[in-house]
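These notes are about the structure you will find just below.
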Amino acid sequence: MSPIAIHKRVLLKVSGEALMGRRDYGLDTNTVVRIAADVADVVAMGVQVCLVIGGGNIFRGVSAATAGMDRAQADYIGMLATVMNALAMQIALEKLGVATRVQSAIPMASVCEPYIRRRAERHLEKGRVVIFAAGTGNPFFTTDTAAALRAAEMGCNALLKGTQVDGVYAADPRKNPEAERFEQLTYHDVLAHDLAVMDASAISLARENRLPIIVFNIHVPGAFAQVMRGDGRFTTIVEPP
Ligand code: UDP
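When we follow the numbering used here, the leftmost residue of the sequence shown carries the number 660, and every step to the right adds one.
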């Protein structure tokens, strides 16, 4: 591994919405390519990278359930949406010369590999980016929880959450420019103050596995590599010393 990278293996969670660019639905190809380029830079640093991509740009189970659809069934549709995003990211990464594998928690033999932990491990050792699709494979969960789960299973050194802003704030800084920004938080702080970082089950899972969470702005080109060098702006969520 390059001496400049501070982590050997990480998992990056990108929400589906981050792939929309300026659109209000679906995928913006230029945005997918731009994020893929950031991932490629980190791979070039010698970091082993896992990806989990959400599906909120296409379908969100909980919203459809509010509109009257059966929740579990709606969640399966949501999980299928994450597979579409994973395949789009795979194309973008491979165009940049990055070897990738998509592994789906819902087996889809003609489209991608099924999720097999030890196989994913082998791909990472060979320098391939593994994109974990279909969340946890279970309804009533989110891709944030899937990200914490896969990061723990793969023994990642950190779970990165690429968001719309450069860290965790007490309130949405786009609505309240005065909102306090935190450099470092504990898992307890996030849970007790209900800070909008990741859902509570993802935070709990990270806490139980002592998995640091790093929150940064996915829309700043090069930010992912900067965070991997320990530079730039981000919030770290860890256990108190
Ligand atoms: N989903 C699910 N189980 C999982 C992960 C996701 O049922 O383990 C469904 C759920 O309906 C969710 C949708 O997939 O709304 C898209 O995922 P998510 O909302 O986490 O995407 P993001 O907000 O990150 O784009």
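Positions of the beta carbon are idealized from the N, C-alpha and C atoms, including for glycine.
These numbers were taken from a predicted model, which means no experiment stands behind them.
What residues sit near ligand 2, counting only those whose C-beta is closer than 5 angstroms to one of its heavy atoms, in chain order?
As for ligand 2, it is missing from this structure, which binds only ligand 1.
Under a three-way DSSP split, which group does residue 672 fall into?
Reduced to three states, the DSSP call for residue 672 is strand.
Could you check whether the stretch 798-812 touches the stretch 668-676, counting it as contact only if at least three pairs of C-beta atoms, one from each stretch, sit closer than 8 angstroms?
yes
How about residue 736 and residue 718: are their beta carbons less than 8 angstroms apart?
yes
C-alpha gap between residue 834 and residue 721, whole angstroms:
24 angstroms
Since residue 899 sits in a beta bridge, which residues does DSSP pair it with?
Note: residue 899 sits in no beta bridge, so no partner.
Beta-carbon proximity check, residue 792 vs residue 763, cutoff 8 angstroms:
yes
How would you label residue 836, buried or exposed, when you count the other beta carbons within 10 angstroms and need 16 or more for buried?
Flag for residue 836 reads exposed.
Simplified DSSP state of residue 689, which is helix, strand or coil:
DSSP places residue 689 in the helix class (H, G or I) of the three-state scheme.
Would you call the stretch 813-823 and the stretch 836-854 in contact, with 3 or more CB pairs under 8 angstroms?
no
Give me the residue from 825, 731, 789 with the minimum Cα distance to residue 753.
In terms of CA proximity to residue 753, 789 leads the group 825, 731, 789.
Evaluate contact between the stretch 873-883 and the stretch 695-711, counting only Cβ atoms and requiring at least three cross-stretch pairs below 8 angstroms.
Counting Cβ pairs under 8 angstroms, three or more are found: they touch.
According to DSSP, which residues form a beta bridge with residue 773?
Paired residue(s): 763.
Grouping DSSP H, G and I as helix and E and B as strand, with all else coil, what is residue 749?
In the three-state reduction of the DSSP assignment, residue 749 falls in the helix class, which pools H, G and I.
Confirm, please, whether the CB-CB distance from residue 857 to residue 877 is below 8 angstroms.
No, the Cβ-Cβ distance between residue 877 and residue 857 is not below 8 angstroms.
When the Cα of residue 696 is compared with those of 755, 896, 772, which residue comes out closest?
755
Thinking C-alpha only, which one of 726, 897, 775, 773 is nearest residue 862?
The residue with the shortest Cα to Cα distance from residue 862 is 897.
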